[in-house]
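J.: Before we start, here is the structure in question, set down as structure tokens.
Residue numbers (my numbering): 121 to 201.
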């Protein structure tokens, strides 16, 4: 596993001079104690008439590769958000 999340967070904190900066979309795998990035999204489900419901459903996509360095995340990792 790479250390890109920690490295990027550290660099952003240095660049912004804000020691309380947090990356959004970072989740922990408590089995391996590793971090992964996820992409959250919201969408409207279709109703029976073909229109859309007003309320949005939230979901996410877990990346298989680090978006910063391209290394593959652990294949045995089944991260739940």
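Even glycine gets a Cβ: it sits at the ideal position worked out from N, Cα and C.
(1) What residue ranges within the segment 138-168 form continuous beta strand (DSSP E) runs of no fewer than 3 residues, ordered along the chain?
(2) Please classify residue 143 as buried or exposed, where buried requires at least 16 neighbouring CB atoms within 10 angstroms.
(3) Throw me the rounded Cβ distance for the residue 162 and residue 176 pair, which I believe falls under 8 Å.
(4) In or out: residue 141 buried (at least 16 other Cβ within 10 Å) or exposed?
(5) Helix, strand or coil for residue 131 per DSSP?
T.: Straight from the coordinates:
(1) 146-149 and 154-166
(2) Exposed.
(3) 4 Å between Cβ atoms; contact.
(4) exposed
(5) helix
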